[in-house]
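In this note's numbering, the protein residues as written are 60 to 799.
Report on the structure given below.
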């Protein structure tokens with residue numbers, strides 16, 4: 060740390076990429092155009108299961124500007140990737156684009172028209188005639204269970220949960236259901252690809268993982284990774300849908316090589332409901348039991364989620380259940396059932412978001428059944444260590460988070476009688492839930508250069524998906540060197556930079572910052588060697604004698620800026636690189652928190668709204684107070700969507716999505732936003748990394764839907780176990796006041 064930059068970490072530094080975005084200088088994937096660009100537009104299946112029996116492209120080929128039309132009988136030969144997370148070459152669908160004539164879901168690519176303009180490609184795509192041999196589709200989870208049964212998806216077990224349940228004082232056995240949710244990031248999925256004369260591939264892609272995409276494309280095209288460069292300097296969010304490579308990016312690169320010219324492909328919004336992933340439908344059975352003192356003695360969480368016929372995706376709903384509460388006898392199991400939908404993928408807090416809806420709703424039901432206040436029940440049952448791994452938590456302040464949020468929210472004013480709290484025509488409901496997310500840290504490389512003009516340059520092949528990574532990297536460089544933020548250039552989202560992590564799982568900050576700081580220190584070490592060399596400005600000193608402050612070196616009352624040191628030594632820069640490893644396994648690393656929610660229900664006009672949310676979050680050291688708070692606020696809004704609005708609906712007769720656009724897929728708008736109060740506990744977790752920082756992107760959505768549901772129950776007496784909590788589920792008369 061620089062002697063005079065001790066407050067840069069934790070400060071609310073404005074986003075350094077903001078001006079470029081506001082001025083339109085930030086290029087997203089589809090913005091990278093060239094004069095000889097060709098444009099692709101997909102032809103998408105209109106059935107959910109079957110095969111293509113005939114493709115008539117003659118009329119489409121005669122239309123203006125059409126260059127070629129690709130399909131399963133006319134497409135370059137490619138290789139499958141192992142799609143390994145461990146090897147870093149994962150793709151979303153292992154089936155290659157246009158691999159055969161089979162159709163596995165509505166909206167699957169069956170052809171790709173390439174023309175000299177987007178408009179010409181789209182027009183021609185509408186004239187491609189496709190005939191199918193349609194088969195009966197498996198449209199939803201219930202049909203999947205009936206037709207295909209389940210496939211095992213792993214789990215965790217300790218003790219004898221069944222026997223403990225049977226002998227317990229108080230038990231509940233309830234089932235919860237969550238629907239398909241679709242990511243809907245602002246920026247649509249897009250790829251621009253071209254090959255140079257030497258056979259090197261450059262691809263601009265809306266990607267949350269440029270290194271993994273490079274590695275996957277290397278396998279698919281059978282060329283060395285160093286011959287591929289993936290660019291994603293700016294991403295209009297992704298929420299997990301852009302973590303791994305989708306078939307459209309592979310097809311864009313393949314077609315570009317075939318045609319010998321750049322190709323752009325943008326996935327239409329409607330097809331982002333079918334071809335770029337979703338949070339899968341889940342059914343979760345919860346069986347909880349307590350002893351006479353209100354202590355959990357048995358907990359069983361059985362989760363089933365939908366997956367595709369092409370790939371196995373497990374939504375690990377019980378990932379939090381196994382460690383959040385202390386319980387000696389516990390079983391978590393995951394299973395999947397195949398349906399005719401595209402492959403599901405990670406969506407903000409995968410597993411934990413739907414899983415905590417079930418767990419924290421069930422905990423609320425258990426508390427009420429045991430006659431204990433829901434807050435007190437949680438305080439009595441929170442785990443003090445990770446019983447699933449038999450490890451201590453590296454840091455755990457969930458008790459303080461719960462108490463602080465309860466105090467700020469005013470939980471002590473809650474009347475436990477259902478429907479008893481009224482303001483005018485509205486019935487007020489209070490609910491709460493714990494939130495939790497694993498803390499992850501992956502291997503990372505970084506490079507920092509201290510330049511002769513007094514600036515610094517930092518690079519890493521991670522991404523900024525709108526979370527503020529550019530800014531916190533600059534903060535880390537400034538923290539080590541003392542160079543002001545506005546004198547630091549940060550470059551991300553380029554696979555030619557030192558290997559960095561994906562932007563997902565809340566691990567980018569915890570992973571990237573230690574590598575950046577290490578690279579900055581190594582650059583300083585090189586600078587000190589220059590300064591104390593024979594031609595150095597501090598030749599009489601040793602490197603260990605020098606201190607750092609405000610972008611300068613100091614020794615014995617003298618000071619020289621980095622620029623002066625480099626000029627005296629005749630070097631243009633001092634450079635440093637660093638590599639950091641994944642987190643060790645000495646502790647269980649997790650983040651904790653609690654949400655408190657106020658809802659208001661007007662039975663006269665059947666109007667439900669979330670009016671107030673207080674969230675206390677324990678994510679270790681907060682690196683940037685502004686961006687951290689923004690992440691939680693955004694996650695809360697997304698949680699309101701999960702709780703009250705969002706569901707992708709399918710026609711049960713044919714598996715066709717029926718609300719695959721912004722008009723019909725309901726998300727919260729400004730009028731739906733509650734008052735949000737975020738408490739950041741800010742306790743450094745120094746066992747995790749040198750900054751003590753854990754990621755914050757995911758945790759804010761976990762538990763929020765359950766807190767809403769618990770508040771709705773307090774207001775209305777209705778326990779809604781199926782998301783979203785829509786008005787049709789609340790239309791009956793509100794019951795008379797009764798004990799909660």
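All C-beta atoms in this analysis are idealised placements derived from N, C-alpha and C, irrespective of residue type, glycine included.
Check                                                                                                                                                                : Outcome
Compare the Cα-Cα distances from residue 193 to each of 399, 454 and 174 and report the closest residue.                                                             : 399
Check whether the region 644-656 touches the region 444-455, counting contact only when three or more Cβ pairs, one atom from each stretch, lie closer than 8 Å.     : yes
Beta strand (DSSP E) containing residue 361: first to last residue?                                                                                                  : 355-366
For residue 131, which of 198, 144, 780 and 156 has the nearest alpha-carbon?                                                                                        : 156
For residue 358, which residues of its own chain have a beta-carbon under 6 Å away from its beta-carbon, when the five flanking residues on both sides are left out? : 347, 386 and 389
I need the straight-line Cα distance from residue 135 to residue 547, nearest angstrom please.                                                                       : 44 Å
Rounded to a whole number of angstroms, what is the C-alpha to C-alpha distance between residue 161 and residue 714?                                                 : 16 Å
At the level of alpha carbons, what is the spacing between residue 71 and residue 628?                                                                               : 37 Å
At which residue ranges does the region 476-540 contain complete alpha helix (DSSP H) runs of 4 or more residues, listed in the order of the chain?                  : 528-540
Look at the alpha carbon of residue 224 and the alpha carbon of residue 455, and state the distance between them as a whole number of angstroms.                     : 28 Å
Buried or exposed for residue 492, going by 16 or more other Cβ atoms inside 10 Å?                                                                                   : buried
Buried or exposed: where does residue 211 fall if 16 or more other Cβ atoms within 10 Å of its Cβ makes it buried?                                                   : exposed
How about the region 87-105 and the region 246-256: do they share at least three Cβ pairs that are nearer than 8 Å?                                                  : yes
Quick one: using the 10 Å Cβ neighbour count with 16 as the cut-off for buried, is residue 81 buried or exposed?                                                     : exposed
Would you decide whether residue 523 is buried or exposed? Buried here means 16 or more other CB atoms lie within 10 Å of its CB.                                    : buried
For residue 664, count neighbouring Cβ atoms within 10 angstroms of its own Cβ and tell me buried if that reaches 16, exposed if not.                                : exposed
Less than 8 Å between the C-beta atoms of residue 632 and residue 511, yes or no?                                                                                    : yes
Nearest by alpha-carbon distance to residue 635: which of 509, 520 and 733 is it?                                                                                    : 509
Sort 671, 87, 77 and 107 by Cα distance to residue 711 and report the nearest one.                                                                                   : 107
Looking at the structure shown, is residue 660 part of a helix, part of a strand, or coil, going by DSSP?                                                            : strand
Would you call the CB atoms of residue 676 and residue 763 closer than 8 Å?                                                                                          : no
Should the region 224-244 be regarded as contacting the region 274-292, the criterion being three or more beta carbon pairs within less than 8 Å?                    : no
Give the straight-line distance between the Cα atoms of residue 257 and residue 78, rounded to the nearest whole angstrom.                                           : 37 Å
For the beta strand (DSSP E) holding residue 607, just list the boundary residues, first then last.                                                                  : 606-608
Identify whether residue 471 lies in helix, strand or coil by the three-state DSSP scheme.                                                                           : helix
How would you label residue 484, buried or exposed, when you count the other beta carbons within 10 angstroms and need 16 or more for buried?                        : exposed
Can you tell me where the beta strand (DSSP E) holding residue 736 begins and where it ends?                                                                         : 734-739
Given residue 304, which residues of its chain have a CB within under 6 Å of its CB, disregarding the five upstream and five downstream residues?                    : 150, 272 and 275
Is the number of C-beta pairs between the region 118-125 and the region 177-196 that are closer than 8 Å three or more?                                              : yes
Grab the span of the beta strand (DSSP E) containing residue 625 for me, first residue to last.                                                                      : Taken as a continuous stretch (DSSP letters only), residue 625 belongs to no beta strand (DSSP E), being part of the alpha helix (DSSP H) at 621-628.
Provide the residue(s) that pair with residue 217 in DSSP beta bridges, ordered along the chain.                                                                     : 389
Where does residue 68 land, buried or exposed, given buried means 16+ other C-beta within 10 angstroms?                                                              : buried
Mapping DSSP to helix, strand and coil, what is residue 269?                                                                                                         : helix
Which partner residues of residue 193 appear in the DSSP bridge assignment?                                                                                          : 109
Tell me whether the beta-carbon of residue 702 lies closer than 8 Å to the beta-carbon of residue 625.                                                               : no
I need the DSSP call for residue 345, collapsed to helix, strand or coil.                                                                                            : strand
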